[in-house]
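Take any residue in the sequence shown, note its place counting from 1, add 841, and you have its number in my numbering.
Where a beta carbon is used, it is the ideal one built from N, C-alpha and C, also for glycine.
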Amino acid sequence: MELDYYEITGRYDDVVRFYSAVSEESRYLRFLAAVRDPAGIYSHMWTCGGRTFLVLEGRRPLALVDVVPCYGEAEAGIVVVDSLQGKGYGTRIAEIFAEVLPRLGFTSVKAEIYRENLRALSIARRLGASVDCRGVICAVRLDLRQRAPRGLAALRMIAATP
842 MELDYYEITG
852 RYDDVVRFYS
862 AVSEESRYLR
872 FLAAVRDPAG
882 IYSHMWTCGG
892 RTFLVLEGRR
902 PLALVDVVPC
912 YGEAEAGIVV
922 VDSLQGKGYG
932 TRIAEIFAEV
942 LPRLGFTSVK
952 AEIYRENLRA
962 LSIARRLGAS
972 VDCRGVICAV
982 RLDLRQRAPR
992 GLAALRMIAA
1002 TP
């Protein structure tokens, strides 16, 4: 599967369009809260230096990847379009972004994931992340310096909007 990505930071219309194809459950798992208006959250993330990337296969949107600087680490979140969940896209995107993040200046990445989000926790463990679950939230941390580059060239940055 050849995947492309482009940055959509500051492009609220693209965020709203993407989330129109995502269920409330997926939004809930992504944001750890019931979110009706993702654009409001993105406004805050982008003000704090966060960046958002749209991942495509051909012209089909697959996922959004959010990267926010947080005390020297990247806090990352991935949300895959509902109809494509459970088909390996989340794993592939997480693997590739584990190689992209050092090029963005990060040596480690963290995320908070609901304990019930078994798919996301499984991906984190396969990547070699530490997972510490307390209550309903699991703190996930991956040291990117410990990962051997795998040469995953299947994701390429494209400059122009498709």
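- In the DSSP assignment, GLU898 is bridged to ARG901.
- Per the Cβ contact rule, the stretch 901–915 is in contact with the stretch 883–892 (3 or more Cβ pairs under 8 Å).
- SER963 and LEU985 do not touch by the CB rule: their CB atoms are close to 19 Å apart, not below 8 Å.
- By a beta-carbon distance limit of 8 Å, ARG988 contacts GLY969. Their separation comes to about 7 Å.
- Residues of the same chain with a CB within less than 6 Å of the CB of ALA862, apart from the 5 flanking positions on each side, are VAL922 in chain order.
- In this structure, DSSP gives THR850 a state outside helix and strand, which the three-state scheme calls coil.
- Your pair ALA965 and ILE978 does not check out as a contact, with CB atoms roughly 13 Å apart and the cut at 8 Å.
- If you keep only unbroken alpha helix (DSSP H) runs of at least 4 residues inside the stretch 937–996, you get 959–968.
- For SER924, the closest C-alpha among the options SER867, ARG933, GLU843 and SER971 is that of SER867.
- Along the length of the stretch 903–931, whole beta strand (DSSP E) runs at least 3 residues long occupy 914–921, reported in chain order.
- Taking 8 Å as the cut-off, the beta carbon of VAL981 is found closer than this to the beta carbon of ALA952.
- In terms of Cα proximity to ARG877, the closest of TYR912, SER864 and MET886 is SER864.
- Between the alpha carbons of ALA935 and ALA917 lies a gap of roughly 10 Å.
- In this structure, the CA atom of GLU843 is about 6 Å from the CA atom of GLU898.
- For VAL896, the closest alpha carbon among the candidates ASP845, ALA961, SER971 and GLY881 is that of ASP845.
- ARG960 is not a Cβ neighbour of GLY913, given a cutoff of 8 Å.
- Within the same chain, Cβ atoms closer than 8 Å to the Cβ of PRO879 are found at VAL856, VAL857, TYR860, ARG868 and PHE872, the five residues on either side in sequence being excluded.
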